[in-house]
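In my numbering, the protein residues as written are 3 to 237.
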């Protein structure tokens, strides 16, 4: 299946969900929910589709808290009832997704212990990514954080080319565009990547991993331990 988390379900559990899943197109920049919104729909990104969970400050600035692609789901993961969103969910890489009402998802989790356990473990992996991100933002350089972000996106995009502007990358890292331009130019001079208008091409993944901080490997290892049946979609 195009979404790895759904693919990890048993056939019986998936057949419970299937009648309620709708395929939707998610254009880049689409806001799936805003802070304070009641999250009534859960999205399962497919193939290259990727979204970010953002923390929004009072003056409108954004910084990314988590990246979600075809290995996971967006919204309504933990509980049923009134679920006010804490942050903003925005599509970063356009594509398709499978959407379902969170009420149907919750009913399926309550009806199957195995189903509920899978989503509980995914919640743990997502929380770990957010926690590591806090440490990364506080302790590591912009270049290290940029490498980590590009690696995580590369895993989920399933392609050497990441369709993303430098302005968007700057927003995700919480820095100025000029800072990102300087960082990517330095990485390009080392032969690790090549930048084009609206996209970044990875040339040397192993070199990018060496240039990244420890956070990329920490999150990846924890995900593999907690959810061994769900692969982080490496190219």
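Every residue, glycine too, gets a C-beta built ideally from N, C-alpha and C.
* Asked: Excluding the five sequence neighbours on either side, which residues of its own chain have a C-beta within less than 8 angstroms of the C-beta of residue 68, listed in chain order?
  -> Within the same chain, residue 68 has close Cβ partners 54, 55, 128, 131, 132 and 135.
* If you draw a straight line from the alpha carbon of residue 122 to that of residue 16, how long is it in whole angstroms? -> Taking the straight line from one Cα to the other gives about 17 angstroms.
* **Assigned exposure category for residue 33 - 16 Cβ within 10 Å defines buried** => It is exposed - the Cβ of residue 33 has fewer than 16 other Cβ atoms within 10 Å.
* Asked: For the putative contact between residue 49 and residue 72, defined by C-beta atoms under 8 angstroms, what is the C-beta separation to the nearest angstrom?
  -> For a cut-off of 8 angstroms, the C-beta gap from residue 49 to residue 72 is around 6 angstroms, short enough to register as a contact.
* Asked: What's the call for residue 173, buried or exposed, on a 16-neighbour Cβ count within 10 Å?
  -> Under the 10 Å beta carbon count, residue 173 is surrounded by 16 or more other beta carbons and is classified as buried.
* **Between the CA atoms of residue 202 and residue 210 - distance to the nearest angstrom** => In this model, residue 210 and residue 202 are separated by some 13 angstroms (Cα to Cα).
* Can you check DSSP and say which residues form a bridge with residue 52? => Partner(s): 95.
* Count the CB pairs spanning the segment 104–120 and the segment 176–191 that are closer than 8 angstroms, and state whether there are at least three. => Verdict: no, contact absent.
* Asked: Would you call residue 108 buried or exposed, if buried means 16 or more other Cβ atoms sit within 10 Å of its Cβ?
  -> Residue 108 should be labelled buried.
* Cα-Cα separation, residue 218 to residue 78 -> The alpha-carbon of residue 218 is positioned some 25 angstroms away from that of residue 78.
* To do: Have a look at residue 1 and residue 64 and give me their C-alpha separation to the nearest angstrom.
  => Here the chain has residues from 3 to 237 only, and residue 1 is not among them.
* **Member of 103, 59 and 20 whose CA lies at the smallest distance from the CA of residue 40** => Among 103, 59 and 20, the Cα nearest to that of residue 40 is on 103.
* Asked: In whole angstroms, what separates the C-alpha of residue 117 from that of residue 193?
  -> One C-alpha to the other measures close to 44 angstroms.
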